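Have a look at the structure below before the remarks.
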Amino acid sequence: TNDFGIEKSLKNLGITSENYGVSAGGTSFGNGAVIESFSPTDGKLIAKIKSGNEADYAQIIKKSKKAFQEFRMMPAPKRGELVRQFGNKLREKKDDLGKLVSYEMGKSLQEGLGEVQEMIDICDFAVGLSRQLHGFTMHSERPSHRMYEQYHPLGIVGVISAFNFPVAVWSWNTALSWICGNVTVWKPSEKVGLCAIACQNIIAEVLKENDMPEGISGMIVADHTIGQKIVDDKNIALVSFTGSTKVGRMVGAKVAERFGKSILELGGNNAIIISEHADLDMAIIGAVFGAVGTAGQRCTSTRRLIIHESVYDEMKNRLVQAYGQLKIGNPLDENNHVGPLIDTDAVKQYEASIEKCKKEGGRFIVEGEVLSGNQYASGCYVKPCIAEVENSYEIVQHETFAPILYIMKYNTLDEAIAIQNDVPQGLSSAIMTQNLREAELFLSHAGSDCGIANVNIGTSGAEIGGAFGGEKETGGGRESGSDVWKYYMRRQTNTINYSTTLPLAQGIKFDL
Ligand code: NAD
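Everything in the sequence shown is counted per full-length UniProt numbering, starting at 5 for the first residue and increasing by one.
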């Protein structure tokens, strides 16, 4: 049988049949429960992981605290050099890691490789940034005084990540954290623990080659209980959380309670407005890829199409036609467009959402179905489906992490923008139009209320150069490019008096 070279890739990544899930960069360990990682592509057991428990977590934190004392004193461009080497090692391992992402998570091989490419890109970005962590200088109101601001490292950054981007999200956070002088502790999703172990093996090699202490990159594969420890731990200066709005709401509140910092990257409910001025050939590609790519399991997946009434029927027909051509099957096989959902729980949620949509009055123009048969033996494969709905349905207001696309009609652009904004989430949005006025209105302050707003591109597939994240129940956090690095540092304002007197600000006199 064709295993798509998985065995060899696992070996190249240092994954064996039994692995330890805890590491500070030295010898791995793990004293918690055994986690078995099954592939949603074929249902087979990939490998076992001895997860981390609370005592293991305490060890990791101890090492991280110690390492921070040293790491923060290393010049930022030298830290950048570590990240440069890390990026190079990722280039060497790209094929193996991309394949593991595809096999353990279930996204297409192309998307798995794309995730690793994002890791490489953020490393390149961070290397340049390591020489540019600059603040402003400003003029003082007092004579012979100088004022400026500078950015200092925070300490330990905790990264809690979701299953759907098993490797990229970690690197967005760590590449920036490290050049900023922070050490990191990662609690990956327990559904994709092997991807985390593979990543940790790669960075551990770089750190060892450079004689760096343990504790710069910590990892603890474990369930939510260790996530909760990170959230409550005063040692963790910043918690970067990527996951559902349900969990993120709790994480945000708890971290705020102890005055910690947080970056929240939560659920989306992303729409494309397809105007009567759209290039429909482009619109159909953007819409279908956005809705079915990663089997609808991207935070930026297209969940809603808001279509102008004059092109509604044509778009509807073309969507039905396009969905009829989709090939569903093993994501490691390049001929397939759509892979599996992450697990059978996700399949149940898909089925429940379809039921709910029908109850609320949704009319399915492409029916959903759970697929069975030999090549679908994992029980995780579902058919992407499309329903005509009202935006106000409860199910449409909710993010279902599966390939269910909701379509609806509009008459004026103001109406379309109102529909697009009328959901609790605010991550990604797009308009397909060749009309400048429409595009500019959509991007204006009267337009999309999302963190990401695109013209003639779909909702998914962001580049690392921009700040990534969303508003409202998406959590308000930003990761990756632009000036996001500032979240990973503390800002300090400095005033220096080089005169022989001590004048007070605002002209206040205080004579002794
Ligand atoms: P999830 O919320 O179930 O889990 C995310 C992580 O949180 C996991 O590591 C999990 O173990 C941990 N966790 C669970 N309960 C916890 C608790 N009480 N305290 C601390 N940690 C806890 O999410 P998921 O199913 O893995 O991922 C899918 C969700 O993630 C979707 O909603 C998706 O939109 C979102 N997501 C958002 C972005 C973004 O950038 N906005 C990116 C990827 C995924």
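The beta carbon of each residue, even a glycine, is placed where N, CA and C say it ideally should be.
Small disclaimer: the values here were computed from a predicted structure and weren't measured.
Nearer than 6 Å: is that true of the beta carbon of residue i relative to any heavy atom of the ligand NAD?
{"i": "S248", "result": "yes"}
{"i": "H228", "result": "yes"}
{"i": "C303", "result": "yes"}
{"i": "N168", "result": "yes"}
{"i": "S193", "result": "yes"}
{"i": "G231", "result": "yes"}
{"i": "G271", "result": "yes"}
{"i": "V189", "result": "no"}
{"i": "V427", "result": "no"}
{"i": "V235", "result": "yes"}
{"i": "I164", "result": "yes"}
{"i": "V26", "result": "no"}
{"i": "V251", "result": "yes"}
In three-state terms, what does DSSP make of residue i?
{"i": "F75", "result": "helix"}
{"i": "Q496", "result": "strand"}
{"i": "G430", "result": "strand"}
{"i": "E394", "result": "coil"}
{"i": "A406", "result": "coil"}
{"i": "H228", "result": "helix"}
{"i": "C389", "result": "strand"}
{"i": "L49", "result": "strand"}
{"i": "V459", "result": "strand"}
{"i": "P81", "result": "helix"}
{"i": "F472", "result": "strand"}
{"i": "Q438", "result": "coil"}
{"i": "T20", "result": "coil"}
{"i": "N334", "result": "coil"}
{"i": "L375", "result": "coil"}
{"i": "L242", "result": "strand"}
{"i": "V315", "result": "coil"}
{"i": "I512", "result": "coil"}
{"i": "G116", "result": "helix"}
{"i": "N177", "result": "helix"}
{"i": "I104", "result": "Rather than Ile, the amino acid found at residue 104 in this sequence is Leu. Residue state, collapsed to three classes: helix."}
{"i": "K111", "result": "coil"}
{"i": "E153", "result": "strand"}
Could you check the C-alpha separation between residue i and residue j for me, to the nearest Å?
{"i": "E22", "j": "L104", "result": "16 Å"}
{"i": "residue 3", "j": "G271", "result": "Limits of the chain in this structure are 5 at one end and 516 at the other, which puts residue 3 out of reach."}
{"i": "G139", "j": "M493", "result": "11 Å"}
{"i": "K320", "j": "S433", "result": "20 Å"}
{"i": "Q73", "j": "K66", "result": "12 Å"}
{"i": "L375", "j": "T178", "result": "38 Å"}
{"i": "S68", "j": "S175", "result": "18 Å"}
{"i": "E40", "j": "L137", "result": "42 Å"}
{"i": "G185", "j": "Y491", "result": "13 Å"}
{"i": "V87", "j": "Y414", "result": "48 Å"}
{"i": "L113", "j": "P335", "result": "6 Å"}
{"i": "T306", "j": "T463", "result": "6 Å"}
{"i": "D7", "j": "N395", "result": "43 Å"}
{"i": "I411", "j": "I311", "result": "7 Å"}
{"i": "C303", "j": "Y107", "result": "20 Å"}
{"i": "G256", "j": "Q89", "result": "34 Å"}
{"i": "I421", "j": "V351", "result": "32 Å"}
{"i": "C199", "j": "L101", "result": "7 Å"}
{"i": "A275", "j": "R308", "result": "4 Å"}
Is residue i buried or exposed, if buried means 16 or more other CB atoms sit within 10 Å of its CB?
{"i": "P170", "result": "buried"}
{"i": "N339", "result": "exposed"}
{"i": "P157", "result": "buried"}
{"i": "M77", "result": "exposed"}
{"i": "Y385", "result": "buried"}
{"i": "L506", "result": "exposed"}
{"i": "K212", "result": "exposed"}
{"i": "D237", "result": "buried"}
{"i": "T20", "result": "exposed"}
{"i": "V187", "result": "buried"}
{"i": "H449", "result": "exposed"}
{"i": "E11", "result": "exposed"}
{"i": "A295", "result": "buried"}
{"i": "A254", "result": "Reading off the sequence shown, one finds Met at residue 254, where the question assumed Ala. The residue is exposed, with fewer than 16 neighbouring Cβ atoms inside 10 Å."}
{"i": "F446", "result": "buried"}
{"i": "M223", "result": "buried"}
{"i": "R367", "result": "exposed"}
Could you check whether the Cβ of residue i sits closer than 7 Å to any Cβ belonging to chain B?
{"i": "L242", "result": "The structure shown contains no chain B, having only a single protein chain."}
May I ask whether a heavy atom of the ligand ADP can be found less than 6 Å away from the beta carbon of residue i?
{"i": "N23", "result": "As for the ligand ADP, it is missing from this structure, which binds only the ligand NAD."}
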